Amino acid sequence: MEKENNVAYGDSQIQVLEGLEAVRVRPGMYIGTTSEKGLHHLIYEIVDNSIDEALAGYCDNITVTLEKDGSCSVRDDGRGVPSGIHPTQNLPTLEVIFTILHAGGKFGGGGYQIAGGLHGVGASVVNALSKRLEAVNCRDGYEYSISFERGKIVSEFKKGKETDKHGLYVRFWPDPEIFETVEFKADIVRNRLREQAFLNAGVSLTLIDETGEERTEENFCYEGGIKSFVEFRRKKGTEPIHNDVIYLSGSKGTSVAEIALQYNDSYDDEDILSFANNMHTIEGGMHETGFRTALTRVLNDYGKKIGVLKDGDSKLDGKDVREGLVSIISVKLENAQFESQTKAKLGNSSIRTLVDNIVTEKLTEYLEENPKVGRTIIEKATEAARVREAARKARETARRKGALESTSLPGKLWDCQTKNVEESELFLVEGNSAGGSAKDGRNSYFQAILPLRGKVLNVEKSRLDKVYGNPSLIPIIQALGCGIGEDFNKEKLRYGKLILMADADVDGSHIRILLLTFLFRHMRQLIEDGHVYLAQPPLYKVFKGKQVRYAFTDEERDAYIEELGVNGVEASRYKGLGEMNPEQLRETTMDPEKRVLLRVTMEDARECDEIFSVLMGDKVEPRREFIEANARYAVDLDV
Ligand code: 1YM
């Protein structure tokens, strides 16, 4: 017998410790990764157990607190864990839950566990990977407690004071020996809790954040479930084209499926999120496949039935019926099979049939009962099909003319000598005169210049057929050589850096945002892979005799004025790139030794998407709101 912390270990406890030690040795096998993602997984595992209790019908409220000391606590008001001794393990059940690794499926008791994650094995994994874990269980009129450090009991299971409360409380301190970071992020936890609240209608999840200067508390509870989720996903700047979110559900055996969908007036690709047992299936799978096939079939049949689609017409294809669609698919099933590298693709083919049947029957029924909605949807999909066809023709024409390929380079391009993409740069320069200066100021070995005349097309307000063949965009597409949209091929990119060079004024900003909108919508990968940059021309030149300083901010200007001892009026402000001579432009903005480039990055594609549609789209109201909300960030506009 070994004694440690006043706890005696018998054979069975030693086995337990070996089990938890295995988790500590190979944490990746249990939680995927020890990165920030894995860290947050700990919270999900515990919360999933509370959600199971809620789904079983015994728990209404779940509260997650990010504590000041870096720990996280989860409290639910369910039944609490059975308070006695576990029949086969011969240990308190509360202890068993946190120490025995189960192969899957909740032990003792029938029914199947719905919440995702590790299917009931989560609590012991969390315990193994925590520096400390405390649990307080309220059940049968008493409070029971136990605590652990790195999986080992440090205060044994004991019965405490009387209480009429019920439910389980777990607080844990993630182990810095295991995780790359042990700092919980409220944003990550918030998104997860909100998502779980949508997926489990009526369950109330509260997030309390004690880590900041001020304590914050947010509650997520949606009686509307995934219908509310669809409303939440709709992007700013889009309007639904039918009032109600369509909701379809059904079950077969122990499997259940529910689908919510709504179309909006955007031309965006679909926004479909799918879940299996409350786990986000990022790569889709059988439930999504069933939905897509059935949706296309049902809408084609309905379109024919109401006479919008004629016999000779080509059919609506999948992309047409999913334009502007926001949808959530949630299935719950026993023995979910997850495939692919990331284990985020559902493989159970019976679910495909279930979802297909539900959509076929229930959506057809819905459309028949709501013919106005039905017609609106069919008309939108038909318009999408028309544009797709027009875009195809425009693309063919553009292709025939060589407009999308670099085989015919634009006349205005001053190309560089090197063909090595790694070292080459293309400057898109606002205006012909600045273009001229840039041409003379460049290093022609690796720097190419394409002057832009006037504004480029706002692609946010144009459908795809107008983008192909647009005279303001063709030279850019040709110079880059990599094609756009479906034809995009990064292998053919001719320059490693694409540098947007425009004046530091309102017009310059407009050109920058038009170019960025085009790149974001049609060559997004260039942004994602970090090829797009903004040049930073100086705002001021401060000089005295032969001494010259370029200032990029007002503060810098004032400092130079003082340094050189000049009169403020002598510090001239540039009105534009065109006013700089080639040498000045090279020195301040183009020479890699001296310039400052801003790389365009994208943290959150979805947020960018929303901002582009609000700022550049055709609706005035959302733009006004955005500008009003953000005006305070725009200081010192030069208008
Ligand atoms: C803060 C985390 O784990 N709550 C929780 C867990 C259980 C129960 C209730 C529960 C389940 C069952 C019966 C059952 C668990 N119980 C067990 C086991 N919150 C949290 N709330 N009674 C209570 O599934 O039959 C495992 S988890 F095994 F003891 F029943």
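Residue numbers (my numbering): 497 to 1135.
From the three backbone atoms N, C-alpha and C, an ideal C-beta is built for every residue, glycine too.
All values derive from a computational prediction rather than experimental measurement.
With the cut-off set at 8 Å, would you say residue i and residue j are in Cβ contact?
| i | j | result |
| --- | --- | --- |
| serine 1109 | glutamate 956 | yes |
| isoleucine 873 | tyrosine 759 | yes |
| serine 626 | leucine 516 | no |
| leucine 922 | isoleucine 995 | yes |
| arginine 990 | valine 917 | yes |
| arginine 635 | valine 543 | no |
| arginine 1180 | methionine 1086 | Missing from the structure shown is residue 1180; the chain here goes from 497 to 1135 and no further. |
| glycine 656 | arginine 571 | no |
| phenylalanine 675 | leucine 535 | yes |
| valine 726 | leucine 701 | no |
| glutamine 851 | glycine 786 | The displayed chain sequence assigns valine, not glutamine, to residue 851. Taking 8 Å as the Cβ cut-off, valine 851 and glycine 786 qualify as a contacting pair. |
| leucine 590 | asparagine 557 | no |
| arginine 998 | isoleucine 1007 | Before going on, a small fix: residue 998 reads as alanine here, not arginine. The answer is yes: Cβ separation under 8 Å. |
| valine 855 | histidine 738 | no |
| leucine 587 | isoleucine 593 | no |
| proline 906 | proline 967 | no |
| valine 678 | glycine 566 | yes |
| methionine 1098 | isoleucine 1009 | no |
| valine 1038 | arginine 1020 | no |
Go ahead and pull the three-state DSSP assignment for residue i.
| i | result |
| --- | --- |
| lysine 655 | strand |
| glutamate 719 | coil |
| leucine 736 | For clarity, residue 736 is proline in the given sequence; the question names leucine instead. Residue state, collapsed to three classes: strand. |
| lysine 841 | strand |
| asparagine 916 | coil |
| valine 1038 | strand |
| asparagine 633 | strand |
| alanine 1047 | strand |
| lysine 1071 | coil |
| leucine 689 | helix |
| leucine 905 | coil |
| phenylalanine 771 | strand |
| glutamate 1059 | helix |
| arginine 1128 | helix |
| phenylalanine 1122 | helix |
| phenylalanine 675 | coil |
| isoleucine 610 | Any reading at isoleucine 610 needs caution, since the residue's pLDDT is 46, under 50, leaving its predicted position unreliable; the model's value is listed next. Reduced to three states, the DSSP call for isoleucine 610 is coil. |
| glycine 605 | Because the pLDDT of glycine 605 is 35, which lies under 50, any placement of that residue in the model is unreliable, and the number read from its coordinates should be weighed accordingly. Three-state DSSP puts glycine 605 in coil, outside helix and strand. |
| histidine 615 | Unreliable placement is indicated for histidine 615, whose pLDDT of 43 sits below 50; the coordinate value is still reported in the next sentence. Coil, per DSSP. |
Give a single yes or no on whether residue i has its beta carbon closer than 7 Å to a heavy atom of the ligand FAD.
| i | result |
| --- | --- |
| threonine 589 | The ligand content of the structure shown is limited to the ligand 1YM, which means the ligand FAD is not among them. |
Give the DSSP bridge partners of residue i, in chain order.
| i | result |
| --- | --- |
| asparagine 557 | Ser700 |
| alanine 753 | Gly746, Val827 |
| alanine 1031 | Leu1093 |
| alanine 944 | Leu922 |
| glutamine 758 | Val822 |
| leucine 562 | Cys568, Asp705 |
| lysine 648 | Glu645 |
| glutamate 714 | Leu703 |
| arginine 628 | Trp669 |
| glutamate 835 | Lys841 |
What residue range is occupied by the uninterrupted alpha helix (DSSP H) comprising residue i?
| i | result |
| --- | --- |
| isoleucine 778 | Per DSSP, isoleucine 778 belongs to no alpha helix (DSSP H) and is neither H nor E. |
| glycine 534 | 532 to 551 |
| isoleucine 593 | 589 to 595 |
| methionine 1112 | 1101 to 1112 |
| valine 570 | Counting along the chain, valine 570 falls outside any alpha helix (DSSP H), though it belongs to the beta strand (DSSP E) covering 568 to 572. |
| asparagine 586 | Element bounds for asparagine 586: n/a, residue is neither H nor E. |
| leucine 894 | The question names leucine, yet the displayed sequence has alanine at residue 894. Its alpha helix (DSSP H) spans residues 867 to 896. |
| valine 963 | 960 to 963 |
| tyrosine 526 | 523 to 527 |
| isoleucine 970 | 970 to 976 |
| arginine 802 | Here residue 802 is isoleucine; the residue named in the question, arginine, does not match the sequence. Isoleucine 802 -> no alpha helix (DSSP H), and no H or E assigned at all. |
| leucine 1081 | 1078 to 1081 |
| glutamate 857 | Note, glutamate 857: premise wrong, no alpha helix (DSSP H); not H, not E. |
| aspartate 983 | No alpha helix (DSSP H) contains aspartate 983, which DSSP labels as neither H nor E. |
| glycine 576 | That residue, glycine 576, is in no alpha helix (DSSP H); it is neither H nor E in DSSP. |
| valine 810 | Rather than valine, the amino acid found at residue 810 in this sequence is serine. First-last for serine 810: undefined, no H or E at that position. |
| valine 1002 | 1002 to 1018 |
| lysine 935 | 928 to 937 |
What span of residues does the beta strand (DSSP E) with residue i cover, start to end?
| i | result |
| --- | --- |
| lysine 1095 | It is arginine, not lysine, that sits at residue 1095 in the sequence shown. Element bounds for arginine 1095: 1093 to 1095. |
| glycine 469 | The shown model of the chain, from 497 to 1135, leaves out residue 469, and the question about it has no answer. |
| serine 641 | 638 to 645 |
| lysine 993 | 993 to 997 |
Does any residue of chain B have a CB that is nearer than 8 Å to the CB of residue i?
| i | result |
| --- | --- |
| aspartate 1025 | Looking for chain B here will not work: only one protein chain is present. |
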